[in-house]
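Have a look at the structure below, then the notes.
Protein chains: 2
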Amino acid sequence: MAGGKRERLVEGARLAFHENGVEATTLADVAAIAEVPVGNVYYYFKTKHALVEAVIADHARLVSEALDGLDGQRGPRERLKAFVAAFAGNGAMAARFGCPQGTLCSELDKQSGDLRVACSELMRLPIDWARRQFEALGRTDADELAHALIAAYQGMSLLTNTFGDPALIQREGKRLDRWIDSLAETS
Amino acid sequence: MAGGKRERLVEGARLAFHENGVEATTLADVAAIAEVPVGNVYYYFKTKHALVEAVIADHARLVSEALDGLDGQRGPRERLKAFVAAFAGNGAMAARFGCPQGTLCSELDKQSGDLRVACSELMRLPIDWARRQFEALGRTDADELAHALIAAYQGMSLLTNTFGDPALIQREGKRLDRWIDSLAETS
DNA sequence: GTCTATATTTAGATAGAC
DNA sequence: GTCTATCTAAATATAGAC
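As they're listed, the protein sequences go chains W and S.
Following this note's numbering, the numbering of the first sequence begins with 18 at its first residue and continues without gaps.
Following this note's numbering, the numbering of the second sequence begins with 18 at its first residue and continues without gaps.
Rendered as structure tokens:
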């Protein structure tokens, strides 16, 4: 694993949290993945809580970058379909571990307050992005459609993970493509 | 909390797992809720793993009963809309703790094998029920629609929980009602 | 800045009296 | 069947040498 020790710890924690959950991941696990001695973790992160916060911030950075990458598409309809194609293409990952951000939100919602806030800000990134696309289509129900799209993705990620079947989210991708095509330019 | 000690332990564990997560819930917590001494838990459940299995079985019983209750409706369209009304009516619970079955599946998917299997059987109950309704409508894409409906519910439960806003799942309920109304009798 | 050794806490699990 | 007291293992966190 490349990068400075802090970067390695954050990336290692992000991967381990996704694969095994936050609660089940020990700092010893993270230290081993990052190839950093256990005791040294505390030089970079005062508590496990602080490490979790850093991981959420790292997720936010990755999601923002991914969404920015979709803005190269010509129009809002193409951008929405590129979004769908992106997550449908990650079916194997969803089948094994679920959506990285969704599973994190699900677990941390049951924990202390400031982590909940950070999670909700993370989940708001793709919703706000999707709403802007629906607004560009002239939809007055853009907020509702944006929530429905992200919920469809999150829900099908959960089913894909629960049944270990990547085909589920791929089939949903095709269905959402047809749905996006069927939307009128204004509502 | 009423019932025999075993029933109290299962119900207490089910509630605590939903509110705080399985990993974060200690047997001491469960014992306190059930008003049973800590050491006595092991008389009824050899391990925490066994208690989790019992809780999943209890969920399966409750879900089956709830779905059976919907079969009093006249036709498949009415049954599907009664299903939607049922979960949209639980918005306050979803906002605080998410869907009981969904959060359980999300957490336990990251754990040992036989719990994953039990969770997938639990999640299959509403999907199979919904597929039968869509089949009764003559839809050849009943399996796809059933997965889409449950995914919409699960995903919107996650968003409702993440943002702590019951209105999200209520709005989705209305949207799904219109969707069910719009489906042709055959596909 | 880095790392080893260890302290502290807490959870799951057990032994055994009643 | 019931309950108290306790064991053991593991995880977070710290102290302090280098």
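Just so you know, even glycine gets a beta-carbon here, dropped at the ideal spot from N, CA and C.
Only a predicted model underlies this, so the values are computations on that prediction, with no experimental measurement involved.
Residue i, enclosing alpha helix (DSSP H) - first and last residue
i: S:Lys-98; result: 93-105
i: S:Glu-70; result: 65-87
i: S:Gly-119; result: 117-125
i: W:Pro-54; result: Segment: none, W:Pro-54 is in no alpha helix (DSSP H) and carries neither H nor E.
i: S:Val-27; result: 22-37
i: S:Leu-193; result: 184-199
Minimum Cβ-Cβ distance from residue i to chain S less than 8 Å
i: W:Gln-90; result: no
i: W:Ser-204; result: no
i: W:Ala-165; result: yes
i: W:Gly-29; result: no
i: W:Ala-147; result: no
i: W:Leu-142; result: no
i: W:Ala-168; result: yes
i: W:Gly-21; result: no
Test: residue i CB closer than 8 Å to a CB of chain W
i: S:Thr-157; result: no
i: S:Asn-107; result: no
i: S:Thr-179; result: yes
i: S:Glu-70; result: no
i: S:Met-110; result: no
i: S:His-76; result: no
i: S:Gly-115; result: yes
i: S:Gln-150; result: no
i: S:Ser-207; result: Since the first and last residues shown for chain S are 18 and 204, residue 207 of chain S lies out of range.
i: S:Met-18; result: no
i: S:Glu-95; result: no
Alpha-carbon to alpha-carbon, residue j and residue i
i: S:Glu-82; j: S:Leu-132; result: 22 Å
i: W:Met-18; j: W:Ala-51; result: 6 Å
i: S:Asn-107; j: W:Cys-136; result: 22 Å
i: W:Phe-180; j: W:Lys-98; result: 25 Å
i: S:Thr-177; j: S:Phe-104; result: 12 Å
i: W:Val-69; j: S:Arg-188; result: 32 Å
i: S:Asp-75; j: S:Thr-120; result: 15 Å
i: W:Val-47; j: W:Gly-21; result: 14 Å
i: W:His-35; j: W:Arg-91; result: 33 Å
beta-carbon residue i near the ligand SAH non-hydrogen atom, thresh 7 Å
i: S:Glu-28; result: With respect to the ligand SAH, the structure shown offers nothing to examine, as it has no ligands at all.
Quiz item: Just by C-beta distance, which residues in the segment 184-199 of chain S are closer than 7 Å to chain W?
Solution: Leu-185, Arg-188, Glu-189 and Arg-192
Practice problem: Could you run through the segment 127-140 of chain W and flag, in chain order, every residue whose CB is less than 7 Å away from some CB of chain S? | Solution: Lys-127, Cys-136, Ser-137 and Met-140
Quiz item: Can you list, in chain order, the residues of the segment 40-66 of chain S whose Cβ is nearer than 7 Å to any Cβ on chain W?
Solution: Glu-40 and Ala-41
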